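Engineer: Before anything else, here's the structure in question.
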Amino acid sequence: MPVSLPPTTDKRTLLGPIQARVSVCVKCPHLARSRTQTVFGVGNPDAELMFIGEAPGADEDAQGEPFVGRAGQLLTKIIAAMGFNRADVYIANVLKCRPDMPAGVSGNRPPTPDEMQTCLPYLAEQIAIIRPKVLVALGATAVEGLLGTRSTMREMRGRWHSHAETPLMITYHPSYLLRNQAPAEKRKVWEDMLQVLERLGRPITEKQRNYFRT
Ligand code: SF4
């Protein structure tokens with residue numbers, strides 16, 4: 496459904512009221528009860544490039560910022576290898592609250608399709624305001640939340656899709672690379688990011704082209 500915008504062009508100003516609504520959202524009562532805080536998104540509202548993950552984990556819930564745990568640190572390294580600062584891009588999740596866990600159980604669980612569909616309108620508003628040139632979805636769960644389709648990463652990654660009339664690249668979630676540290680897996684993600692750089696018209700050095708070649 497198209498999102499109508501108020502008549503101001505300052506994107507930070509436009510995002511503010513959405514963030515305020517998210518911060519008090521109780522559409523998922525179980526998540527509103529269990530969260531420390533909502534995790535709206537971070538980065539440059541004028542970004543050309545926007546990364547989308549699935550949901551906050553324990554670290555993100557504690558700090559109120561997406562991708563700050565180990566996987567987030569790896570994402571920051573990938574962003575730097577692409578020639579950006581983390582503050583140049585925009586990073587958000589489909590779900591703005593950490594999926595709840597049973598009392599006394601550590602770790603994170605993936606969001607359910609229902610939870611993601613409930614929260615998705617907020618992300619749609621963010622994308623409509625930021626209007627990045629390229630979206631990158633990180634992992635199959637984020638893709639399911641964003642596109643409503645479930646498939647294997649093997650089938651989806653490495654080629655262009657579209658969301659909200661914006662080119663969408665699908666690649667592995669950085670946590671996958673933490674579990675599978677083989678250079679060949681890193682190279683797959685890197686090849687996806689090279690396609691993103693090409694689409695953005697960014698210069699690519701020979702050194703960058705050869706990262707993680709085995
Ligand atoms: S996950 Fe999204 S929709 Fe659900 S309570 Fe949190 S902010 Fe609201």
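Position 85, counted from 1, in the sequence shown is what this note's numbering calls 580; the numbers after and before it change by one each time, with no gaps. Even for Gly, the Cβ is constructed at its ideal location relative to N, Cα and C. Keep in mind it's a predicted model, so treat the numbers as computed, not measured.
(1) Taking the straight line between their C-alpha atoms, what separation do you get for H656 and E620?
(2) Please return the same chain residues whose Cβ sits closer than 7 Å to the Cβ of V584, not counting the five positions on each side in sequence.
(3) Looking at the unbroken alpha helix (DSSP H) that takes in P512, where does it start and where does it end?
(4) Check whether the Cβ atoms of P710 and G536 sit closer than 8 Å, and answer yes or no.
(5) Grab me the residues of S518's own chain with a C-beta within less than 8 Å of its C-beta, minus the 5 sequence neighbours each way, in chain order.
(6) If you draw a straight line from the C-alpha of A548 to the C-alpha of P597, how long is it?
(7) Looking at V589 and L615, is the spacing between their C-beta atoms short of 8 Å?
(8) Within this structure, are the beta carbons of H668 and G634 separated by less than 8 Å?
(9) Ligand 1 and E610: does the residue's C-beta get closer than 7 Å to at least one heavy atom of that ligand?
(10) Measure from the alpha carbon of T607 to the alpha carbon of each residue in V638, R704, R697, Q568, then state which is nearest.
(11) Roughly how many angstroms separate the alpha carbons of G640 and N675, rounded to a whole number?
(12) Count the other C-beta atoms from every protein chain shown that fall within 10 angstroms of the C-beta of P551, then say buried if there are 16 or more, exposed otherwise.
(13) Using a 10 Å radius around the Cβ and a threshold of 16 neighbouring Cβ atoms, would you call T666 buried or exposed?
(14) Are there any heavy atoms of ligand 1 lying less than 7 Å away from the beta-carbon of V517, as far as the coordinates show?
(15) When DSSP labels each residue in this structure, what does V638 get in the three-state scheme?
(16) Smallest Cα separation from P524: which of A677, R565, E660, E610?
(17) What separation, rounded to the nearest whole angstrom, lies between the Cα atoms of L618 and A677?
(18) Could you compute how far the alpha carbon of L577 sits from the alpha carbon of T636?
(19) Are R652 and K681 closer than 8 Å when you measure CB to CB?
(20) Within the same chain, show all residues whose beta-carbon is closer than 7 Å to that of A679, passing over the 5 residues directly before and after it, in chain order.
(21) Got a sec: does ligand 1 put a non-hydrogen atom nearer than 7 Å to the Cβ of K702?
Structural biologist: The relevant details are as follows:
(1) 20 Å
(2) G538, N539, A542, L544, M545, F546, I574
(3) 506–518
(4) Here the chain comprises residues numbered 496 to 709, so residue 710 is not present and cannot be evaluated.
(5) Q532, T533, F535
(6) The residue asked about is misnamed: residue 548 is Gly in this sequence, not Ala. Rounded to the nearest angstrom, the two C-alpha atoms are 23 Å apart.
(7) Yes, the pair counts as a contact, with Cβ atoms nearer than the cut-off.
(8) yes
(9) Result yes, Cβ under 7 Å from ligand 1.
(10) V638
(11) 24 Å
(12) buried
(13) buried
(14) yes
(15) Of the three classes helix, strand and coil, the one that applies to V638 here is helix, per DSSP.
(16) E610
(17) 33 Å
(18) The sequence shown places Met at residue 577, not Leu. Going by the C-alpha atoms only, they are around 24 Å apart.
(19) no
(20) T709
(21) Answer for K702: no, Cβ out of range of ligand 1.
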